[in-house]
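Read in order, the letters of the sequence shown are residues 93 to 545 in the numbering used here. Heads up, the beta-carbon is just placed ideally off N, CA and C, and yes, glycines get one too.
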Amino acid sequence: MTQPSLMSPDEIRHRFAAAMSAMYQSEVPQYTTLLELVEQVNRETLEANPALAERLTEADELTRLDVERHGAIRVGSAEELGMLRRLFAVMGMHPVGYYDLSEAGVPVHSTAFRPVDDAALARNPFRIFTSLLRLELVESETLRERAATILAARDIFTPGVRELITLAEQQGGLGDTEANRFVAEALETFRWHRDATVDLDTYEALHAEHRLIADVVCFRGPHINHLTPRTLDIDEAQRRMPAAGMNPKAVIEGPPRRDCPILLRQTSFKALEEPTRFQGERQGTHTARFGEIEQRGVALTAKGRGLYDRLLAASRKQTQGLDNTAHQRVLAEVFADFPDSEDALRQQELAFFEYRLTAAGRAAGRITESDLETLIEQGLVMAYPITYEDFLPVSAAGIFQSNLGGGDNEAYAGNANREAFEAALGAPVADELALYAERERASHDAVRQALAS
Ligand code: OOG
Ligand code: NI
């Protein structure tokens, strides 16, 4: 028997990301406006800065810019999370990183399903921030049990997608037609349902405990709650949001604007109030879905990340309650202590870089020099910042909070529990720092080998 030719998981992910974007655009028209805004800001930024355009092209960053998105979902049980891991694996998306949000008053812990290798990231870096509800943090036993019972009664996957996941695992992938069916079936899991599975009283009781619990428990599935395009100038995008009819959250999360962007900066428009039908024919509303914009910079080493966390913590008291302009000004002052040139970031081992031969390096013939900084100085090797592909817990908490209303949820006493999360997932989460370090090391080795031969 001949094996039907199998699609690359990257191609399936690419189709899925496009289908998700189309679905979310039809569900949340403001998301279309957001995409248009980001496209325009990106176009203008590149026109005004040809050197940036050239650099992004060289680093393989420009072609992926227009397809780049992340999304977020929240699930209610270990079974749901474990099955999602298998579903995302079909598309080459694997769990990377563990995020504990309980400290910030959100009763979830999370990971990001994303592609991991260079080629997959360059093709389409689509990622989904996935949170698992931690019912064990709910104090009321009655409510906890009620929520668990409701969750146990739902199946967030179609029979079709379950079959196709098993098939993909057996054959080691999916053929073209199967892949299209898989995308259509998988999409169903993330669709919005305006009918709640519970009556209004139950919804309100769960909502009073925490809005997020109501969001996870009261619906048929884990509706995609936002999709996020990548911008090259988030300050400009934030400025233009109100004129485009969007209500932006108060401040941009993450590091300040810099010459060399680091990690991740994020802002969002606030969640929309949507009409919802509850069991017993009662009407109400639910606020869940929003739009977000991100700007990505270089991935930091453990040392760089330590410095980032320290400076962010130091800025926190001073930025409390400030509007975005003042907030960014204070952040910029505090972050003056974070070196802002690529050379400094590299030489002080604060950030990860990918090394490649320049044209001169390729033409140079055999070179015995092996010190990277010398080779860079001689113009034989170029260092490109490796883009941060992950998330930031403090920023994620800010995004959650601004869309859950309030913002003063108290921390939960039970804190990080990575073991429980991995047990639910059915696999360990990859360590993001190790992935970046490996990419840097592999590029370093390749350069050294090429020069020595
Ligand atoms: C996820 C919030 C986190 C981000 O970009 O940091 C997030 C959620 O609200 O479910 O998406
Ligand atoms: Ni997000």
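Sorry if obvious, but does the Cβ on residue i come closer than 7 Å to a heavy atom of the ligand NI?
| i | result |
| --- | --- |
| THR379 | no |
| PHE218 | no |
| HIS162 | yes |
| PHE249 | no |
| ILE326 | no |
| PHE221 | yes |
Measuring straight from C-alpha to C-alpha, what distance separates residue i and residue j?
| i | j | result |
| --- | --- | --- |
| ALA114 | ARG156 | 18 Å |
| GLU195 | ALA244 | 27 Å |
| PRO101 | SER535 | 24 Å |
| VAL308 | PRO431 | 42 Å |
| PHE274 | PHE180 | 11 Å |
| LEU224 | SER202 | 6 Å |
| ASP291 | ALA214 | 46 Å |
| GLY34 | ASP435 | Given that the chain is displayed from residue 93 to residue 545, the structure contains no residue 34 and the question cannot be resolved. |
| ALA544 | ARG531 | 20 Å |
| VAL422 | SER407 | 7 Å |
| GLU228 | ASP209 | 35 Å |
| ALA529 | LEU399 | 18 Å |
| THR222 | PHE205 | 7 Å |
| ARG533 | GLY376 | 55 Å |
| LEU517 | ARG510 | 10 Å |
| ASP152 | ARG374 | 52 Å |
| ALA110 | GLU160 | 10 Å |
| ILE491 | THR460 | 50 Å |
| VAL198 | ALA503 | 7 Å |
| LEU176 | HIS106 | 17 Å |
| GLN330 | HIS315 | 25 Å |
| GLY499 | GLY264 | Note that GLY499 scores a pLDDT of 48, beneath 50, so its modelled location is shaky; the value from the coordinates is reported in the next line. GLY499 and GLY264: Cα-Cα distance of roughly 45 Å. |
| VAL58 | ALA211 | One cannot answer for residue 58 here, as it falls past the ends of the chain, which runs 93 to 545. |
| MET112 | GLU384 | 15 Å |
| ALA278 | ALA288 | 20 Å |
| ALA260 | PRO348 | 43 Å |
| ALA380 | PHE370 | 16 Å |
| ARG286 | SER169 | 21 Å |
| ASP482 | SER433 | 22 Å |
| THR94 | ASN272 | Because the pLDDT at THR94 is just 45, under 50, the model does not fix this residue reliably, and the point stays unresolved. |
| THR149 | GLY174 | 38 Å |
| PRO207 | ALA519 | 16 Å |
Taking 7 Å as the line, does the beta carbon of residue i fall inside it for any heavy atom of the ligand OOG?
| i | result |
| --- | --- |
| ILE385 | no |
| THR320 | yes |
| ALA336 | no |
| ILE344 | no |
| ILE491 | yes |
| ARG166 | yes |
| PHE311 | no |
| SER487 | yes |
| GLN358 | yes |
| PHE427 | no |
| PHE513 | no |
| PHE361 | no |
| PHE483 | yes |
| ASN141 | no |
| ASN507 | no |
| ASN272 | no |
| ASN416 | no |
| ASN134 | no |
| ASN317 | yes |
| ASN339 | no |
Am I right that residue i and residue j are in contact with their C-beta atoms under 8 Å? What's the rounded C-beta distance?
| i | j | result |
| --- | --- | --- |
| PRO187 | ALA522 | 7 Å |
| ILE165 | ALA239 | Actually they are not in contact, since the Cβ atoms of ILE165 and ALA239 sit about 17 Å apart, beyond 8 Å. |
| LEU355 | TYR480 | 5 Å |
| ARG178 | ILE257 | 5 Å |
| THR281 | GLY313 | 5 Å |
| ALA489 | LEU193 | 6 Å |
| HIS162 | GLU465 | Not a contact, Cβ separation roughly 34 Å. |
| TRP284 | GLU171 | No, TRP284 and GLU171 are not in contact; Cβ-Cβ is about 22 Å, not under 8 Å. |
| ALA145 | LEU235 | That pair is no contact at about 54 Å. |
>> Could you tell me which whole alpha helix (DSSP H) segments of length 4 or greater appear in the stretch 308–375?
In response: 326–332
> Quick check: the stretch 331–348 against the stretch 118–128, are there 3 or more CB pairs under 8 Å?
Replying inline: yes
> What are the uninterrupted segments assigned as beta strand (DSSP E) that are 3 or more residues long and contained completely in the stretch 396–457, given in chain order?
Replying inline: 445–449
> So, do the stretch 407–421 and the stretch 343–358 have three or more beta carbon pairs nearer to each other than 8 Å?
Replying inline: Flag = yes, the stretch 407–421 and the stretch 343–358 touch.
>> Which runs of the beta strand (DSSP E) at least 3 residues long sit entirely within the stretch 202–270? Give them in chain order.
In response: 219–225
>> Does the contact criterion of 3 or more C-beta pairs under 8 Å hold for the stretch 301–320 versus the stretch 250–259?
In response: no
> Does the stretch 469–482 come close enough to the stretch 430–450 to have 3 or more Cβ pairs within less than 8 Å?
Replying inline: yes
> In the stretch 463–519, which residue ranges form an unbroken alpha helix (DSSP H) of at least 4 residues, counting only runs that do not cross its ends?
Replying inline: 464–469, 485–494 and 510–517
> Contact between the stretch 433–443 and the stretch 376–393: three or more CB pairs below 8 Å?
Replying inline: yes
> Can you find at least 3 beta carbon pairs, one from the stretch 489–497 and one from the stretch 452–459, that sit closer than 8 Å?
Replying inline: no
>> Restricting to runs no shorter than 3 residues, where is the beta strand (DSSP E) found entirely within the stretch 122–203?
In response: 161–167 and 186–192
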